[in-house]
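If you use this note's numbering, the sequence shown closes out at 835, no skipped numbers anywhere. Quick reminder that beta carbons are idealized off the backbone N, C-alpha and C, glycines included.
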Amino acid sequence: MDDALDEGQGGGTVEVLIPLGLDQAYSYAVPAGLTLAPGDVVQVPLGPRETVGVVWEAGSGRGGNLKKVAAKLDMPPLDPALRKLVDWVAWYTLAAKGSVLALALRRPPDDTPERPKLGVRLVGAPPARMTPARARAIAAAEGGLLIGKSALAEAASVSTAVIDSLVDAGTFCVEALPQEAIAARPDPDHARPQLSDDQRAVGDALAELVRKQAWQVALLEGVTGSGKTEVYFEAVAEAIRLGRQSVILMPEIALTAQFIDRFEARFGVRPGLWHSGVSGRRRERLQAAIARGEALVVAGARSALFLPYRDLGLIVIDEEHEAAYKQEDGVAYHARDMAVVRGRIENAPVILASATPSLETRVNAERGRYVHLKLPERYGGRELPTLGLVDLRRDKPERGRWLSTGLIKAVEANLEAKEQSLLFLNRRGYAPLTLCRDCGHRFQCPNCSAWLVDHRFRRALVCHHCGHVERRPHECPACHQPESLVACGPGVERLAEEVATLFPQARSIVLSSDFPGGTERLKQELMAVAEGEFDIVIGTQLVAKGHNFPGMTLVGVIDADLGLTSGDPRAAERTFQVLRQVTGRAGRGEKPGRALLQTHDPNHPVLKALISGDPERFYAAETAAREAAGLPPFGRLAGLIVSANSQAEAETHARALARCAEAPAGVAVLGPAEAPLAILRGRHRMRLIVRTAREINLQDYLRAWLKRAPRPKGSVRVAVDVDPQSFL
Numbered sequence: 108m109d110d111a112l113d114e115g116q117g118g119g120t121v122e123v124l125i126p127l128g129l130d131q132a133y134s135y136a137v138p139a140g141l142t143l144a145p146g147d148v149v150q151v152p153l154g155p156r157e158t159v160g161v162v163w164e165a166g167s168g169r170g171g172n173l174k175k176v177a178a179k180l181d182m183p184p185l186d187p188a189l190r191k192l193v194d195w196v197a198w199y200t201l202a203a204k205g206s207v208l209a210l211a212l213r214r215p216p217d218d219t220p221e222r223p224k225l226g227v228r229l230v231g232a233p234p235a236r237m238t239p240a241r242a243r244a245i246a247a248a249e250g251g252l253l254i255g256k257s258a259l260a261e262a263a264s265v266s267t268a269v270i271d272s273l274v275d276a277g278t279f280c281v282e283a284l285p286q287e288a289i290a291a292r293p294d295p296d297h298a299r300p301q302l303s304d305d306q307r308a309v310g311d312a313l314a315e316l317v318r319k320q321a322w323q324v325a326l327l328e329g330v331t332g333s334g335k336t337e338v339y340f341e342a343v344a345e346a347i348r349l350g351r352q353s354v355i356l357m358p359e360i361a362l363t364a365q366f367i368d369r370f371e372a373r374f375g376v377r378p379g380l381w382h383s384g385v386s387g388r389r390r391e392r393l394q395a396a397i398a399r400g401e402a403l404v405v406a407g408a409r410s411a412l413f414l415p416y417r418d419l420g421l422i423v424i425d426e427e428h429e430a431a432y433k434q435e436d437g438v439a440y441h442a443r444d445m446a447v448v449r450g451r452i453e454n455a456p457v458i459l460a461s462a463t464p465s466l467e468t469r470v471n472a473e474r475g476r477y478v479h480l481k482l483p484e485r486y487g488g489r490e491l492p493t494l495g496l497v498d499l500r501r502d503k504p505e506r507g508r509w510l511s512t513g514l515i516k517a518v519e520a521n522l523e524a525k526e527q528s529l530l531f532l533n534r535r536g537y538a539p540l541t542l543c544r545d546c547g548h549r550f551q552c553p554n555c556s557a558w559l560v561d562h563r564f565r566r567a568l569v570c571h572h573c574g575h576v577e578r579r580p581h582e583c584p585a586c587h588q589p590e591s592l593v594a595c596g597p598g599v600e601r602l603a604e605e606v607a608t609l610f611p612q613a614r615s616i617v618l619s620s621d622f623p624g625g626t627e628r629l630k631q632e633l634m635a636v637a638e639g640e641f642d643i644v645i646g647t648q649l650v651a652k653g654h655n656f657p658g659m660t661l662v663g664v665i666d667a668d669l670g671l672t673s674g675d676p677r678a679a680e681r682t683f684q685v686l687r688q689v690t691g692r693a694g695r696g697e698k699p700g701r702a703l704l705q706t707h708d709p710n711h712p713v714l715k716a717l718i719s720g721d722p723e724r725f726y727a728a729e730t731a732a733r734e735a736a737g738l739p740p741f742g743r744l745a746g747l748i749v750s751a752n753s754q755a756e757a758e759t760h761a762r763a764l765a766r767c768a769e770a771p772a773g774v775a776v777l778g779p780a781e782a783p784l785a786i787l788r789g790r791h792r793m794r795l796i797v798r799t800a801r802e803i804n805l806q807d808y809l810r811a812w813l814k815r816a817p818r819p820k821g822s823v824r825v826a827v828d829v830d831p832q833s834f835l
């Protein structure tokens with residue numbers, strides 16, 4: 108069949124896929140004189156309105172009474188590789204094909220001119236009334252250079268109001284800053300690093316994969332501080348030399364600040380950045396540059412995988428073990444796994460980098476499916492931190508406190524030595540539960556079956572699942588007893604309160620993702636920690652990975668048991684990963700580091716494996732346990748969540764689903780049962796789990812099951828999650 112279809116030579120149709128929750132393309136007639144080919148972006152009527160779609164394939168026959176394509180848009184077409192990825196993701200996840208297309212389809216260009224960013228320049232005499240702050244601002248602007256207002260305020264250590272007052276006085280003038288280049292070409296030889304012998308060998312192996320221009324997956328496993336980023340930069344440099352594009356995925360925006368600095372130091376320019384914090388017009392410009400092949404390196408969140416690369420030569424997944432790569436809402440896809448698929452479609456190598464690889468990736472490497480490259484030592488011969496356990500059964504904190512005597516003494520010693528300490532607790536807020544000591548009332552989210560978390564800094568009770576916020580009252584709403592509310596358990600804010608009491612002279616900071624100020628504030632705070640401006644850092648999982656704090660020599664884990672009692676089959680693996688990552692923040696500078704883990708169960712296999720310093724011990728035990736249970740990667744899982752406005756509706760449909768499961772040999776259907784989070788955003792939830800042998804075609808079974816199942820009615824919705832990462 109001819110790829111192009113010219114209606115000028117006779118009647119014809121096209122199948123157009125629309126980026127909505129629709130699982131089929133719709134037929135449209137092609138107007139006379141319009142030539143369309145698969146991948147073209149078009150405007151088509153849909154009901155009473157017009158919408159954007161993509162020609163998925165040429166139709167058969169003449170238009171007849173079909174609605175006509177309204178226009179072909181002046182946008183780069185979706186190339187065959189990206190359309191194939193959309194088809195594959197939709198098949199694998201059981202998502203509607205149109206929903207997957209929405210991840211990949213660019214919006215039509217916005218003709219509104221981009222608002223220029225403004226800067227200030229020193230042009231006039233100093234004002235009649237001088238202050239020390241104004242003097243610093245004028246001194247920082249000497250030379251007449253055009254400087255961004257915020258950048259000048261930061262350089263002079265003044266507020267932007269001081270800059271504004273100097274503009275009003277005529278000392279500074281305001282001008283538009285030059286538009287920042289969206290896709291400056293990186294220089295692969297700008298600052299070639301001094302690599303160790305191990306690093307050079309691994310870097311050369313990765314560069315060779317890029318030169319082969321063939322699909323291959325490589326696991327880059329290196330201990331914390333081994334220089335994995337600098338090593339995979341060698342592969343990125345090789346792709347740049349070949350004129351091919353690279354995408355580097357990262358699990359969290361918070362990790363990008365230090366990464367961008369390292370990238371710019373290595374290649375002379377910043378990479379193209381793609382995440383939710385990038386403005387709409389800048390995203391449009393970057394997408395266009397990617398489609399033209401001008402943006403050679405893109406770094407971003409999981410959605411960067413679906414950008415329209417013209418010549419993709421390398422995919423890197425940093426911290427490949429992170430659960431954040433799994434999108435839970437909408438299209439439930441895992442960016443790491445889909446990156447492997449896109450690499451295969453594009454014939455490009457894929458690098459999976461981690462100090463604590465996922466068990467799935469580890470098994471693939473051990474069985475020869477992936478190349479396994481290791482960096483067993485820290486760069487510069489630095490030692491890994493020594494690890495010790497604090498048995499909370501013997502060294503009990505004081506009542507109402509959370510730091511043991513042993514950990515307090517270690518922090519005191521660090522303060523005397525003028526070295527930094529990190530206290531890690533993976534709980535946001537002040538306390539995970541608030542109750543009334545008189546009547547026992549507990550504060551629960553009105554929309555979810557979850558307790559409200561006390562946030563003292565915000566003076567609010569917050570649900571971390573749906574975002575519900577309410578003021579913390581002064582009396583119990585049930586018994587109206589004043590001053591009867593007590594916080595149960597610690598969060599990082601409560602830990603900060605204890606630190607301020609125990610170490611009043613120490614400079615401390617709390618790092619948590621839910622503090623106001625967004626990514627810019629977090630970037631500044633992380634930079635301040637790295638520069639040694641704080642003695643004690645209290646942090647959540649946000650600080651557990653990807654950051655380099657040269658002055659940090661002690662890590663204290665407040666509750667090493669947190670997460671080990673979960674019913675999640677990946678609980679042990681995730682606890683091992685986060686504890687190994689966070690303890691790896693210690694001793695990355697010139698001085699050796701150590702870590703103390705507070706626990707009530709010092710004999711737990713995960714903690715014993717950590718203390719032994721032998722990760723192979725943990726991986727061997729966990730692999731054997733998963734294989735015996737038939738769990739991933741030795742079996743396959745899928746979750747079905749049935750939700751509705753009422754519990755009766757959800758339960759009735761879930762039981763109807765279970766009755767028509769007709770599980771063949773090698774397939775087990777478990778449930779239905781209430782989901783652990785039984786109510787979410789006001790919807791009642793029932794869960795079924797499907798477990799199959801590895802060789803079973805899970806997708807075909809699920810499709811056949813859902814086809815014979817009763818259709819959801821009323822408020823009932825059924826969500827399918829293939830390879831679930833969360834079991835809530």
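Taken in chain order, the whole alpha helix (DSSP H) runs of length 4 or more contained in the region 757 to 783 number zero.
Taking a cut-off of 8 Å on C-beta distances, the region 196 to 215 touches the region 434 to 446, as three or more cross pairs fall below it. For residue 181, the closest of 161, 365, 549, 174 by C-alpha to C-alpha distance is 161. Around the beta carbon of residue 822, fewer than 16 other beta carbons lie within 10 angstroms, which makes this residue exposed. By the C-beta density criterion, residue 666 is buried, having at least 16 other C-beta atoms within 10 angstroms.
For residue 481, the beta-bridge partners assigned by DSSP are 328. Collapsing the DSSP output to three states places residue 725 in a helix. By the neighbour-count criterion, in which a residue is buried when 16 or more other Cβ atoms sit within 10 angstroms of its Cβ, residue 595 is exposed. Boundaries of the beta strand (DSSP E) harbouring residue 135: 133 to 136, taken from the DSSP string. Counting only runs of 4+ residues, the alpha helix (DSSP H) found wholly inside the region 424 to 462 occupies 442 to 453, in chain order. Distance from the Cα of residue 308 is smallest, within the candidate group 707, 335, 185, for 335. When rounded, the separation of the alpha-carbon atoms in residue 179 and residue 120 is 14 Å. The beta carbons of residue 310 and residue 316 sit about 11 Å from each other, so the pair does not count as a contact at 8 Å.
Annotation: the continuous beta strand (DSSP E) that includes residue 540 extends over 540 to 543. Residue 193 and residue 436 have their C-alpha atoms spaced approximately 17 Å apart. The alpha-carbon of residue 242 is positioned some 23 Å away from that of residue 284.
Per DSSP, residue 336 has no beta-bridge partner at all. Sixteen is the threshold: since fewer than 16 other Cβ atoms of the shown chains lie within 10 Å of the Cβ of residue 231, the residue is exposed.
Within its own chain, the residues whose Cβ lies closer than 8 Å to the Cβ of residue 717, once the five positions on either side in sequence are excluded, are 494, 683, 686, 687, 690, 704, 725, listed in chain order. Assignment of alpha helix (DSSP H) within the region 543 to 575, counting only whole runs of 4 or more residues, yields no such run.
In the DSSP secondary-structure assignment, residue 798 is bridged to 744, 775. A distance below 8 Å separates the beta carbons of residue 782 and residue 792. Boundaries of the beta strand (DSSP E) harbouring residue 530: 527 to 531, taken from the DSSP string.
By the Cβ test, the region 293 to 301 is not in contact with the region 416 to 432, since fewer than three Cβ pairs between them sit closer than 8 Å. With a contact defined as Cβ atoms closer than 8 Å, residue 801 and residue 743 qualify at about 6 Å. Cβ contact annotation for residue 741 (same chain, cutoff 7 Å, sequence separation greater than five): 733, 734, 801, in chain order. Excluding five sequence positions before and after residue 637, the CB atoms of its chain that fall closer than 6 Å to its own CB belong to 656, given in chain order.
In the structure shown, the three-state DSSP call for residue 718 is helix.
The three-state reading of DSSP puts residue 383 in coil, since its state is none of H, G, I, E or B. Three or more Cβ pairs closer than 8 Å define a contact, and the region 469 to 480 meets that threshold against the region 316 to 331. Around the C-beta of residue 364, 16 or more other C-beta atoms lie within 10 Å, and the residue is accordingly described as buried.
When C-alpha distances from residue 462 are compared across 453, 824, 455, 485, the shortest belongs to 485.
When secondary structure is reduced to three states using DSSP, residue 692 falls in the coil class, being assigned neither helix nor strand. One thing to note: residue 510 has its Cβ no nearer than 8 Å to the Cβ of residue 643. The distance from the Cβ of residue 472 to that of residue 832 is about 20 Å, inconsistent with a contact at the 8 Å cut-off. One Cα belongs to residue 409, the other to residue 551, and the distance between them is close to 32 Å.
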